[in-house]
């Protein structure tokens with residue numbers, strides 16, 4: 001069966017060509033083995049959670065009807081900027097927008113991460129250009145070149161955030177170096193992932209031809225839950241093809257490890273095991289959590305343009321076994 005999605009459709013769609021769903025997530029709830037979800041061009045500001053697995057004989061396919069025409073993004077537009085000082089503007093975002101995961105209170109940290117714990121998983125974007133996070137409002141105001149940057153001039157674009165506990169708001173300051181954020185395309189990263197199951201074992205999914213970008217992914221070391229903007233999450237037989245995947249705070253595609261509450265960033269949180277020992281433990285514990293050729297891996301990742309992902313374009317411990325990339 002073909003299921004149709006179009007962001008321009010009404011909210012009462014049923015997935016037919018005449019009355020398509022408005023959101024890809026609606027189609028994901030309905031799609032069953034053998035179905036093809038056809039997504040019209042447009043920007044889909046949503047998190048897509050595939051809830052049904054396909055089979056080896058009858059995959060579930062998600063396809064952009066126009067190559068790279070359908071965009072799945074973890075960012076939201078922000079137009080309510082007010083001048084603060086000089087080139088710096090300020091906006092306030094109610095924390096209910098973020099739900100249970102606030103990228104502006106969540107830090108990039110964990111095992112094998114040796115930098116300072118002062119960078120958040122969130123980000124501010126000016127016309128698809130990521131701003132550099134400042135460690136203080138003063139650094140944001142100064143807007144000086146970051147000498148280690150590959151693009152020194154762009155590193156003058158800065159942002160800084162803080163929490164207003166009384167109003168339950170995230171306050172974001174941004175130095176746009178003279179640009180007017182009320183007239184430009186300014187976005188902030190809001191969602192942790194773009195296309196990724198919450199449950200393990202959502203097998204035999206094909207994702208083809210999408211532009212997937214701007215997610216507030218978390219640090220993904222080998223012995224911890226490894227999320228990405230898109231990924232199979234400890235399942236079997238996915239195909240990710242012909243996509244453009246960019247702008248992840250950490251990983252673009254993850255074919256990595258599941259969440260194991262008894263062995264997750266254990267050194268960082270408890271300081272009793274070395275990260276290397278945790279990796280040994282992860283191999284042993286994986287045997288108890290389905291790490292078998294019949295259940296995990298054998299993915300195909302091909303013909304994707306992956307760029308500007310700050311930890312890695314494709315990452316994965318154990319879950320990518322027997323895959324072709």
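Residue numbers (full-length UniProt numbering): 1 to 325.
Heads up, the beta-carbon is just placed ideally off N, CA and C, and yes, glycines get one too.
Spatial distance of residue i from residue j (CA atoms)
i, j, result
"residue 32", "residue 59", "9 angstroms"
"residue 179", "residue 87", "8 angstroms"
"residue 174", "residue 23", "31 angstroms"
"residue 192", "residue 312", "16 angstroms"
"residue 283", "residue 183", "51 angstroms"
"residue 130", "residue 245", "15 angstroms"
"residue 177", "residue 143", "8 angstroms"
"residue 110", "residue 222", "10 angstroms"
"residue 30", "residue 52", "8 angstroms"
"residue 259", "residue 217", "14 angstroms"
"residue 343", "residue 105", "Since the first residue of the chain shown is 1 and the last is 325, residue 343 is not available in this structure."
"residue 261", "residue 275", "15 angstroms"
"residue 63", "residue 288", "34 angstroms"
Which of helix, strand or coil DSSP assigns to residue i
i, result
"residue 305", "strand"
"residue 156", "helix"
"residue 92", "strand"
"residue 270", "helix"
"residue 5", "strand"
"residue 282", "helix"
"residue 138", "helix"
"residue 65", "coil"
"residue 184", "coil"
"residue 251", "strand"
"residue 76", "strand"
"residue 71", "strand"
"residue 318", "coil"
8 angstroms contact criterion, which residue i and residue j should meet: CB distance rounded
i, j, result
"residue 48", "residue 243", "The Cβ separation is near 13 angstroms, so there is no contact."
"residue 340", "residue 50", "Residue 340 falls outside the range modelled here, since the chain spans only 1 to 325, and no answer is possible."
"residue 54", "residue 203", "6 angstroms"
"residue 107", "residue 120", "6 angstroms"
"residue 254", "residue 281", "So it is not a contact: roughly 20 angstroms between Cβ atoms."
"residue 225", "residue 257", "6 angstroms"
Residue closest to residue i, alpha-carbon to alpha-carbon, out of the options
i, options, result
"residue 112", "310, 265 and 298", "265"
"residue 21", "287, 4, 154 and 258", "4"
"residue 160", "199, 63, 127 and 90", "90"
"residue 320", "307, 302, 297 and 155", "297"
"residue 84", "140, 63, 104 and 124", "140"
"residue 295", "323, 103 and 18", "323"
"residue 327", "240, 287, 187 and 188", "What is shown of the chain runs 1 to 325, which leaves residue 327 out entirely."
"residue 94", "272, 224, 238 and 188", "188"
"residue 309", "250, 97 and 300", "250"
"residue 168", "317, 77 and 92", "92"
"residue 123", "75, 117 and 156", "75"
Residue environment, residue i, which counts as buried when at least 16 other CB atoms sit within 10 Å
i, result
"residue 137", "buried"
"residue 210", "buried"
"residue 304", "buried"
"residue 214", "buried"
"residue 234", "buried"
Heavy atom of the ligand ZN within 7 angstroms of residue i beta-carbon
i, result
"residue 19", "Looking for the ligand ZN in the displayed structure turns up nothing, as the structure carries no ligands at all."
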